[in-house]
Every structure is written in C-alpha cells, then in structure tokens.
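Line order of the protein sequences matches chains B and E.
So the mapping is simple: our numbering equals the position in the first sequence, first residue as 1, plus 6.
So the mapping is simple: our numbering equals the position in the second sequence, first residue as 1, plus 183.
Where a beta carbon is used, it is the ideal one built from N, C-alpha and C, also for glycine.
The structure presented is a predicted model; accordingly, all values stated were derived computationally and were not measured.
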Amino acid sequence: MTPLFVHGFGLCAVGDGSPFADGLAELPDVPIKEYASPAARRRYGRVAKLMYIAASRALADAGVEDPSQVAVIAGTAMGELRSSLELVCQIHATHGAQVSPALVPNSVHNAPAGHLTIGLKNHCPSITVSQGWLSAEAALAAARDLLELSGSTMALVIVGDEVDLAWPDRLRGAGAAALAAQLDGERFQEGAAALVLGLEPGGRRLGAVAASVERANDVSVRAEALVAEIEAASGPRLDVRLRSGAGGARLREAVGGEVVGPGQGTSQVGALLELVRCLRGEGSAEALVLGAELDELGWIHYRR
Amino acid sequence: MPRTRVAVTAMGAVSAAGRDVAAYAAALRAPRRRFGAPQRLELALDVVVGEADPSCFAACGEAACSSPTGALCLFAARECAADALLLGAPRPDGLALGTSTGGQSRNEDAVFALLDGRGVGGFSYRAAGCMAGPSRLVARELGIEGPVQTVSTACTSSANAIALAAAWIRAGRCRAVLAGGGDALCRTTLASFSALELTGASMCTPFGPNRPGMTLGEGAAFLLLEPLDAVVAAGRRPLAELEGAGLSCDAHHMTAPNEDGAGGELAMRRALADAGRDPGEVHHINAHGTGTMLNDAAEARAIARLFPSRPWVMSCKGLIGHTLGGAGALEAVAAVLSIRGRRAFENLGAAIPDPELPIALVGPGGVDLPSIPVVLSSSFAFGGNNCALVFSAADGGAP
C-alpha cells in the first residue's frame, strides 16, 4: 500500500489535543473570525467552521504557500447535522412548502469541503467520504486514491463532526430515552482535525501513513491477518492501538494492543490525534490504529 | 511501465425508466416519460418526479428496511453482480458507492415520529440513518470482502465513486470493483430543490428554450470494473473501457456554477488528459443537463469552448429525471450503452437547443456514432464539485 507523507497537522476540537473530558461535549468558542471574512462565515455551518480552522492550521503548519494547489478530501460521519435536522423540522412543520433556502446548501455532506475550496480559491480535485465512525480512515484512503488518480502531489485531509448538546434532552422530552442514552453513550465530542499529505517526503515530513476501510465477514480474523502482514514486512515492533470510540475494543482478543479513549474527541478526530501523537514522538515509532464498526475494519498504519 | 487499463464488464441499473439495464436501454432507444406526482412522499409541493417501480423496493425484502436508497442500490448492485456471475467475472473484492442522501429517509422518519410524539422504535443511526448505510447493506448482502468507500459529493457522488474505483484497479488494489451508487427520493431533497426554486411543475427540458427547471428522479446503477488485461486473458469481452476520469472544483458558489462553466470544463479537460485523448476525438457527450437555466447555459458554454468539433450532446434527465447521487452512474451506464449500440440517444424534452446554447443536441430517434465511439459523461454538484468520465469501445467496437 502506497504510504503518504505527513507534512502538517491542524486541530480545532474540544481540549485542542489535551485529554478530553468524558461525555458529550461541544466547543464553547469556534474562532472562525481569525480565518474567514464575515460574508463567508455567515454561510458556513458549524462543521464547515471547525474544518476551516483545522485546515488553515494544518496548511500553516505544513508551510504550504499556495493552498489553491492541494487536493481536498473531507471525511465526516454526519455532515452539518444541525442544518439537516433543522431542515427536516421545517419540512415537518410546513409539509415541505416553506423551507429556508439558506439551510439547503449546508444540507449536503460535501458542504464543508465546498466552502473550503471556495475560501481557498481551489480548483483541485475534491471528494467527501463518509464511513460512519471510520470516516477518518476512509478519508486518508481516499486521499491516496485521489493523488494517484489526479496527478496532484499534495492533499489536505480534513475530518470532523459536530455535537449539539441540546439533542439528548430533546430526545428524552420526546420520549426517546433509549436513543438519548445511546447518544450519551457515544461520549461524542465535536471537532475537526486536518493533515497535509504528500506523495513525496518533503522538508516538513513528519512521518508516513497508509489507511483503509475494509469490509470483512469476520473483522477479528481480518485484523489478525493485517497485523501479521505488517509485522512480516516491518518486524514485530508494531504498537497496536484500538480505538474505543470506533469499536476497536472488540478486537483486543484477536490482536492485543492498548485500547485508547474514551476521551478521544469525535471518533474521526481521535483517529488523527493518535497518529499525530506518534509523529510528534509521544508514542511508538510505528503503530497500527484499529477501529471496527459493524462488519468493517478501519485501520491507519503510520511510521515516524 | 504501462498503466493498467480499466474495463467495464457488467452493469446494473434501476430508475423511472425501468427495473434493469435492458429496460433502461429500451427506454433510451424508444423514450417515454414516466413522470408524475410523488406517490410515496406526502408533501405540499406541486412537482413531478420520476419514481422507481415500487416492486424494486419490495423485492429487497427485509433489506429494504435499511433505507429506500439502500434498497435501490442493492437492487441495481444485485443485477450487476448477477450479470458478472453469468459472464464468469471474479467476485467483487471492492465497493465504491456514491450517494447524496444515504439513510436520510430513515432520519426523516425518526424526526417526524419524534415530533408527532410517536416514538422511534428500534431506529439506529449507525445501521439505517447514516450516509454509509447503503454501502454497508450492499457489501453485506453481496458478501464483498475488501475496501469499501462511501462518497457523498451531492450530484457527483456516484461519478466520483467510479473514479475512485478506477484508481483501485489501476493500483492493483482490487481485481473487480463494484462502482456506482444511487439515491431514492426523500423529503429533504424534494423540499430543498423546491425552496431553491430549481424544480418546475412541468417536466424538464434539458438545454431547451424556456426551461422550466429540473425534474427530480430516483435510481441507482453500478458498473463492474476490472483490469482490461485480465478480462481479455480470461477470454471475456468487456462492455467498454473506462479510459479516464477528471475531477475539479468551481471554487465559486455553493449552489450555482460559474456562468462560463469553467469548473466543469476543467474536469472535462482533466478526464481527457487522463484518457490521453484530444477533444476532437470525442463523438458524444452524455451531459449533466439538469434542465435549469444556469446549469445548462454554463455547461453548454464549456462544451462549445472545449469541443469545437461539436460532438452530439444529450442528457438522460429528460427520461429519468435528476437522480442526484445516482446520476453519474446511471449516465455512465447510458454512455456504455451508446458505445455498445454505436448510437447517441435522444435528448428527451428538447429536440432543438435554446438558441443561446451553441451545442448539437441529439434529436428524436437518436443519431449513429462511429464504429469505435468515444463518449464523455459529465456530472456537476452543489459545493462546486465536478467529475467527468471518458469511455470508449475496448474491443474495437465489436457489437
């Protein structure tokens, strides 16, 4: 699997990289004013703001001088959830006859990437992927595919999701206690993280990363085989890390390793944080981060 | 080292034009519009839509419970997989699925139930409501083991999924990828396009004068992509070759294209470059052609600039409506059918173009194409997202 080289990282999340609090959490302040004009940011949904900030920080960290020349790949499980839910509520109230047109552009999953490419004046290829709680892995995989396909040499990968703290109470108020408890149980924390990746190692190289989401009839068997494949290639020094936020704990019996989280932010952000900790020398020099949702295995392999 | 060429070896399609590829091909050759008021969704909107036959949902049985989009995708994917099996193709070991709405219908049901005080029963966002619901359903039901990707870039979703799948084949990551996608009609899309005043109460007339707007439709389609060399070595005949893909962003506006169509043109240029083709080699364009004033004008300008040879242009949306995330895949199937039949199909809804649009529309009855046709299929989306695909006859045009 062709690895990509990490040139920069940016984050906009609860805790901003420090260990997160346990439980649902939303950012008290989203400092979009520092990054976008008033006219532009009025159009952004919350996820677009989070992603725009993380992307700007990653581009600065990577020293990218011309952000219009990087392919843009976004990964999000739920997209602009508040906008979408508000839209559905308006449809319910008016039988679809009176819906705010302002909500519509942000109801598509690629809205954050669209706003970002407009802001960056970027005409490069762009794609948005969504694979539930494995969307970070999916976005990293798509970045590799898009670079191979398009001839671009650098990619900006942004992942993120939002949280609305009002929803559990609204669900309970509507009699959906089980669904509210399910949401609480996710310990979901909003945020976005971004990586600047290249096909070639550059001066800002922080490490190399490969990733994928694979469907398997038996996810544990596939995880075991994957660990064996990587160890066969690089030696038995692989640090296996299991993302509890994305069902990784259920792989422990098959592959061992440390369960990371809860307290890893949104599942997507948590995945990239694990990667960046390693690249910054806070963890092992080589690691495999695993998550499992339903019958899908998400993995990120990185080397410092 | 020469690049791995990508063959299309099997297809599946469902839409308002019919339940399978044969029905779709027949409808393209002898078109009849099947648009009407929405039957499944109760909304106070004066629109016509192109709905799939209800039996397609019923045929998916329990699987249809996941979401209508999932059911349509599964229905088309099963046809493609069965076609592949008959032809002796390998079992798919990858799935790239594009959808704009995913499980949104189920989310709407849950929110409506909550607001009506009815409770949500066993609703599960992960299983039914999420964007990846259809891909998870298709992969599980077909027993696909390997890479899975859900692309959600609004109306370019399935075109982009096909492009990603081509990358997997070229890189040797998979030997047979099921690529495509779909969308079922849902309340969100109907109300949203109505709010933007992009849909009309009458049927769409792509590229025609006084266009009333788009007609929404629903459907799904899949192509099986394989390495061309492997197909030929196995003694099988490909349906077509996917020669190239090009992606771009407008970087202009969230819901409106550049007036000059520059973003779409860039995607088409990139697709041609990826295919190693000059614009003059393209015989036919299966256009995005939504039937809105802005899209059709921008697209026609881009086509006129890039293709001075004036290839034949048609839009499938006059037949099946705008199937959103499924449009790119359904139009890719139509492009392959054009190649197989050496025929460009009629641009239903408008026999002659708006006098302001300098393109050559395919009129009633269609037009013949050369023995080895090259066809470009383009898709554009909200967010300024664009994708173009170039197909040709992989076997010298043998029927």
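Sequence-distant residues of the same chain with beta carbon closer than 7 Å to residue i, five excluded per side
i: A311 (chain E); result: S249, S250, G286 and R289
i: P421 (chain E); result: A190, V191, T192, L411, V414, A577 and D578
i: C499 (chain E); result: N469, L513, E514 and A517
i: T173 (chain E); result: The first residue shown for chain E is 184 and the last is 582, placing residue 173 (chain E) beyond what the model contains.
i: C357 (chain E); result: D276, G277, G329, P330 and W351
Residue i, DSSP secondary structure in three states
i: C256 (chain E); result: helix
i: H436 (chain E); result: coil
i: Q137 (chain B); result: coil
i: M194 (chain E); result: strand
i: N128 (chain B); result: coil
i: Q287 (chain E); result: helix
i: M84 (chain B); result: coil
i: H101 (chain B); result: coil
i: H115 (chain B); result: coil
i: M397 (chain E); result: strand
i: F565 (chain E); result: helix
i: D479 (chain E); result: helix
i: A470 (chain E); result: strand
i: S521 (chain E); result: helix
i: G14 (chain B); result: strand
i: A428 (chain E); result: strand
i: R48 (chain B); result: helix
i: V537 (chain E); result: Looking at the sequence provided, one finds Asp at residue 537 (chain E) rather than Val. It is coil, neither helix nor strand.
i: V360 (chain E); result: strand
i: F295 (chain E); result: helix
i: T333 (chain E); result: strand
i: F26 (chain B); result: Below a pLDDT of 50, predicted positions are generally treated as unreliable, and F26 (chain B), at 42, falls in that range; the measurement from the model is reported next regardless. Coil, per DSSP.
i: V78 (chain B); result: strand
i: A277 (chain B); result: helix
i: E168 (chain B); result: coil
Residues near residue i in its chain [Cβ-Cβ closer than 6 Å; skip 5 each side]
i: M5 (chain B); result: The question about residue 5 (chain B) has no answer, for chain B in this structure spans 7 to 310.
i: R286 (chain B); result: none
i: D443 (chain E); result: R484
i: R48 (chain B); result: none
i: D355 (chain E); result: Note on residue identity: the sequence assigns Gly, not Asp, to residue 355 (chain E). Around G355 (chain E): no qualifying Cβ.
Alpha-carbon spacing of residue i relative to residue j, whole angstroms
i: A187 (chain B); j: W139 (chain B); result: 18 Å
i: A172 (chain B); j: A242 (chain E); result: 39 Å
i: V465 (chain E); j: E302 (chain B); result: 40 Å
i: A311 (chain B); j: I133 (chain B); result: The requested residue 311 (chain B) does not occur in the structure, where chain B is confined to residues 7 to 310.
i: A267 (chain E); j: R460 (chain E); result: 29 Å
i: A117 (chain B); j: P111 (chain B); result: 7 Å
i: A483 (chain E); j: L300 (chain B); result: 45 Å
i: R525 (chain E); j: S561 (chain E); result: 19 Å
i: Q270 (chain B); j: L279 (chain B); result: Annotation note: pLDDT 47 at Q270 (chain B) (below 50); position unreliable, coordinate value reported separately. Cα to Cα, Q270 (chain B) sits roughly 8 Å from L279 (chain B).
i: R178 (chain B); j: A264 (chain E); result: 44 Å
i: L10 (chain B); j: L278 (chain E); result: 22 Å
i: A293 (chain B); j: G157 (chain B); result: 29 Å
i: A359 (chain E); j: G16 (chain B); result: 36 Å
i: R353 (chain E); j: L185 (chain B); result: 43 Å
i: V331 (chain E); j: N343 (chain E); result: 14 Å
i: G69 (chain B); j: C256 (chain E); result: 43 Å
i: G546 (chain E); j: P44 (chain B); result: 48 Å
i: K127 (chain B); j: H435 (chain E); result: 8 Å
i: R249 (chain B); j: G276 (chain B); result: 8 Å
i: A527 (chain E); j: D366 (chain E); result: 25 Å
i: A296 (chain E); j: V303 (chain E); result: 6 Å
Residue interval of the beta strand (DSSP E) (run including residue i)
i: I127 (chain E); result: Because residue 127 (chain E) is not part of the residues shown, which for chain E are 184 to 582, the question remains open.
i: F405 (chain E); result: G402 to P410
i: Y308 (chain B); result: E302 to R309
i: S498 (chain E); result: W495 to S498
i: G374 (chain E); result: The amino acid occupying residue 374 (chain E) in the given sequence is Ala; Gly does not appear at that position. No beta strand (DSSP E) holds A374 (chain E); the alpha helix (DSSP H) holding it covers R370 to A378.
i: V265 (chain B); result: E264 to V266
Close-in-space but distant-in-sequence residues of the same chain around residue i (CB under 8 Å, 5 per side omitted)
i: L368 (chain E); result: P221, R223, L224, V232, E234, P251, L399, G400 and E401
i: A423 (chain E); result: A190, V191, A518, V519, I522, R523, F574, S575, A576 and A577
Span of the alpha helix (DSSP H) around residue i
i: V261 (chain B); result: R258 to V261
i: E448 (chain E); result: A445 to A458
i: D67 (chain B); result: R52 to A68
i: L296 (chain B); result: Taken as a continuous stretch (DSSP letters only), L296 (chain B) belongs to no alpha helix (DSSP H), being part of the beta strand (DSSP E) at E292 to E299.
i: A348 (chain E); result: S340 to R353
beta-carbon residue i near the ligand FAD non-hydrogen atom, thresh 7 Å
i: D301 (chain B); result: Looking for the ligand FAD in the displayed structure turns up nothing, as the structure carries no ligands at all.
Every unbroken alpha helix (DSSP H) inside the region 171-229 of chain B [4 residues or more]
172-179 and 183-191
In chain order, which continuous runs of the alpha helix (DSSP H) of length 4 or greater are located wholly inside the region 208-260 of chain E?
237-242
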